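Q: My structure is below; once you've seen it, I'll send some questions.
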Amino acid sequence: MDIVKIISDVIPFVVGGAVCIAAVFGMVILRRAIRRYVASRLIYSRRFSDDGAYEGDEVTLTQTIWNPTVFPLFFIDAQWYIYGGLSIDGNATADAGKMQYCVSRFNLLPFARVERRHTVKCVRRGCYRLETVEMDYGQTPRIISSQSLIYVYPPLTDAVDDMPISDMLGDAVSRRMLISNPFSLCGVREYRPGDGFNTINFKATARSFSGGNNVFMVNKTDYSSNRDYMIYQNFHVAPGLQIDLEHYEMLMDKGLSVAATLVRSASDSGGNTGFCANCTTSDGALSITFPPQSGKMHYIDILRGMATLRAGDGASFAGLIDNEVARGVENSEVFIITVGTDDVISQKVELLRRFGNAVSVIDLSEAVR
């Protein structure tokens, strides 16, 4: 009788304990299911503030994560890698070719959207593409495709002199070979010192603000000259110059910096600008060519080409110039950027001049002496 009573007294506690344990396990399973469900519904994206920037510039990388459910979610880790050629929030690897590991932790309330901004410094020329991000929430990681791309252009340099003097305006020599046409407007731009009062566009000025203040805007005019500008860079080193690989890449990057500065100066002056180089490319080509055109998009295309090319010797420079002459390069401003000169380059310079081109040779070999 006592045993039956004891058992009858214990059974409620056993049943209650079993119910509690089952409830705890049920809550754990439910919590994991909810957490897994919410994590699977998360929407994540990231973007650079600019599609391209010059080497040494800073851009912003923005991560955006959105919880579209009624459940909160805490301790979500977004893990990803960024190239060593980009320095994020002041952290950079010693080797630009290595990858950097990055992690961002988020805590999300229901229907919350969180944006996190990072300062990215463009350390080295190149094209950098971020592909995926790994979302870790304590269970099996989830891989999310999050595409973002930035081109890092060669840096501009102050070492480039003004364009060569090759045109005449009446009896006077013009240091600017293009004549502004006041009857052909192509947009507006911000006021610069030296702009005439009659060029101010008051309607555009009334709509333009910077830092809470009005900014004077002036009319931008086309130019009456249609002279072309061609910049050629030779990735072959002249015989007799002994240069190691690291120094070679440094010189080629310096040449690209000069070329980018020339392209920008010519484009800003309204000229048709082209770029050609006997370098290797990511798709296996041995040269890169942009025929002379005008416009901002063409200028950006050239900069992107410079960002993606590889500092390696490609096709013959003499053959490249011969192809350009056959294409019809004449009456143009021609710049040849090279490391050292030889008889072959001198012959090609004379060939270009024979067709009415004004040729300037920029020799980078002074940097190795």
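If you're matching positions, the sequence shown starts at 142 in our numbering and goes up one per residue.
Glycine included, each C-beta is placed from N, C-alpha and C at the ideal position.
All values derive from a computational prediction rather than experimental measurement.
1. Span of the beta strand (DSSP E) holding E272?
2. When burial is assigned at 16 or more other CB atoms within 10 Å of the CB, is E196 buried or exposed?
3. How is the beta strand (DSSP E) around N375 delimited, first residue to last?
4. Let me make sure I understand the geometry here. Which of D218, S457, L202 and V274 has the alpha-carbon closest to that of A426?
5. What do you reckon, are the CB atoms on Y292 and C268 nearer than 7 Å?
6. In the DSSP assignment, what residue or residues form a beta bridge with D218?
7. Taking all protein chains shown into account, decide if I486 is buried (16 or more other Cβ within 10 angstroms of its Cβ) or exposed.
8. Given a cut-off of 7 Å on the beta-carbon distance, is the pair L505 and G396 in contact?
9. Which whole-angstrom value is the C-beta distance of R187 and T205, which I expect to be below 8 Å?
10. Going by the DSSP bridge assignment, what does D454 pair with across the sheet?
11. Determine, using beta carbons only, whether Y440 and S287 come nearer to each other than 7 Å.
12. Would DSSP call V466 helix, strand or coil?
13. Do three or more CB pairs link the segment 369-385 to the segment 408-423 at distances below 8 Å?
14. Count the other CB atoms, across all protein chains shown, that sit within 10 Å of the CB of D424; report buried if there are 16 or more and exposed otherwise.
15. Indicate whether the contact test is met: 3 or more Cβ pairs, each with one atom in the segment 342-350 and one in the segment 446-460, closer than 8 Å.
16. In the DSSP assignment, the beta strand (DSSP E) including E256 goes from what residue to what residue?
17. Return the first residue and the last residue of the beta strand (DSSP E) that T201 is part of.
18. Mind checking whether A379 and G226 have CB atoms under 7 Å apart?
19. Based on DSSP bridge pairs, tell me the residues matched to L290.
20. Residues in the same chain with beta-carbon distance under 8 Å from T210, minus the five sequence neighbours each way, listed in chain order, please.
21. Have a look at L249, I162 and E474 and flag the residue whose alpha-carbon is nearest the alpha-carbon of S406.
22. Cβ of V399 within 7 Å of Cβ of I478?
23. For V314, count neighbouring C-beta atoms within 10 Å of its own C-beta (all shown protein chains included) and say buried if the count is 16 or more, exposed if not.
24. Leaving out five residues before and five after S289 in sequence, what residues of the same chain have Cβ atoms less than 8 Å from its Cβ?
25. Have a look at E275 and D385 and give me their C-alpha separation to the nearest angstrom.
26. With a CB to CB cut of under 6 Å and the five nearest residues on each side skipped, what residues in its chain are close to L493?
27. Does the distance from the CB of C243 to the CB of W207 come in under 7 Å?
28. Kindly list the residues whose CB is nearer than 8 Å to the CB of E471, restricted to its own chain and excluding five residues on each side of it in sequence; keep chain order.
29. Out of curiosity, what's the CA-to-CA distance linking D198 and C263?
30. Based on the DSSP output, what are the partners of E491 in its beta bridges?
31. For K361, which of helix, strand or coil comes out of DSSP?
32. So which of G335, F343 and F216 has the shortest CA-CA distance to P282?
33. Would you decide whether T414 is buried or exposed? Buried here means 16 or more other CB atoms lie within 10 Å of its CB.
A: Per the coordinate set shown:
1. Within the sequence shown, residue 272 is the residue found at index 131, counting from 1. Taken as a continuous stretch (DSSP letters only), the beta strand (DSSP E) holding E272 covers G267 to D277.
2. Position 55 of the sequence shown holds residue 196. Counting Cβ neighbours within 10 Å, E196 comes out buried, since at least 16 surround it.
3. Counting from 1 along the sequence shown, the entry for residue 375 is found at position 234. Segment D369 to V378, the beta strand (DSSP E) holding N375.
4. The residue given as residue 426 occupies position 285 in the sequence shown. The option with the nearest alpha carbon to A426 is S457.
5. To locate residue 292, count along the sequence shown from 1; it is residue 151. To locate residue 268, count along the sequence shown from 1; it is residue 127. Their beta carbons are under 7 Å apart, which means Y292 touches C268 by this criterion.
6. As a working mapping, residue 218 is identified with position 77 in the sequence shown. Answer by DSSP bridge pairing, in chain order: R246 and D277.
7. Here residue 486 refers to the residue found at position 345 of the sequence shown. I486 is buried by the Cβ-count criterion.
8. Looking up residue 505 in the sequence shown gives position 364. Looking up residue 396 in the sequence shown gives position 255. Yes. Within cutoff.
9. Mapped onto the sequence shown, residue 187 falls at position 46. Mapped onto the sequence shown, residue 205 falls at position 64. That pair is a contact at about 7 Å.
10. The residue given as residue 454 occupies position 313 in the sequence shown. D454 is bridged to C420.
11. For this step, residue 440 is matched to residue 299 along the sequence shown. For this step, residue 287 is matched to residue 146 along the sequence shown. No, these two residues do not count as a Cβ contact at 7 Å.
12. Taking the first residue of the sequence shown as 1, we reach residue 466 at position 325. Correct three-state label for V466: helix.
13. yes
14. Position 283 of the sequence shown, counted from the start, is the residue given in the question as residue 424. With fewer than 16 Cβ atoms within 10 Å of its Cβ, D424 is classed as exposed.
15. no
16. Position 115 of the sequence shown holds residue 256. E256 -> beta strand (DSSP E) spans R254 to C263.
17. Position 60 of the sequence shown, counted from the start, is the residue given in the question as residue 201. Segment E199 to W207, the beta strand (DSSP E) holding T201.
18. For the purposes of this step, residue 379 is taken as the residue at position 238 of the sequence shown. For the purposes of this step, residue 226 is taken as the residue at position 85 of the sequence shown. Contact flag unset, no.
19. Along the sequence shown, one-based indexing puts residue 290 at 149. In the DSSP output, where bridge partners are listed per residue, L290 has R270.
20. Taking the first residue of the sequence shown as 1, we reach residue 210 at position 69. These residues qualify, in order along the chain: Y178, V179, R182, P251 and F252.
21. Position 265 of the sequence shown, counted from the start, is the residue given in the question as residue 406. Looking at the Cα atoms, E474 is the closest of the given residues.
22. As a position in the sequence shown, residue 399 is number 258, starting the count at 1. As a position in the sequence shown, residue 478 is number 337, starting the count at 1. The answer is yes: Cβ separation under 7 Å.
23. Translated into positions along the sequence shown, residue 314 becomes position 173. Only weak support is given to the placement of V314: the predicted model assigns it a pLDDT of 38, under 50, and the value that follows is read from those uncertain coordinates. By the neighbour-count rule (16 or more Cβ atoms within 10 Å), V314 is not buried but exposed.
24. One-based indexing of the sequence shown puts residue 289 at position 148. These residues qualify, in order along the chain: R187, R188, F189, L202, R270 and L271.
25. Here the question's residue 275 lines up with position 134 in the sequence shown. Here the question's residue 385 lines up with position 244 in the sequence shown. Rounded to the nearest angstrom, the two C-alpha atoms are 40 Å apart.
26. The count along the sequence shown starts at 1 and reaches residue 493 at position 352. Counting only Cβ-Cβ distances below 6 Å, and skipping sequence neighbours, we find V475 and V500.
27. Here the question's residue 243 lines up with position 102 in the sequence shown. Here the question's residue 207 lines up with position 66 in the sequence shown. A distance of 7 Å or more separates the beta carbons of C243 and W207.
28. Residue 471 sits at position 330 when you count from the first residue of the sequence shown. Excluding residues within five positions, the ones whose Cβ falls inside 8 Å are F496, G497 and N498.
29. The count along the sequence shown starts at 1 and reaches residue 198 at position 57. The count along the sequence shown starts at 1 and reaches residue 263 at position 122. So the alpha carbons of these two residues sit roughly 6 Å apart.
30. One-based indexing of the sequence shown puts residue 491 at position 350. For E491, which the question treats as bridged, DSSP gives no partner whatsoever.
31. To locate residue 361, count along the sequence shown from 1; it is residue 220. Note: K361 maps to strand in three-state DSSP.
32. In the sequence shown, residue 282 corresponds to position 141, counting from 1. Comparing Cα-Cα distances from P282 to each of G335, F343 and F216, the minimum goes to F216.
33. Within the sequence shown, numbered from 1, the residue matching residue 414 stands at position 273. Buried is the call here.
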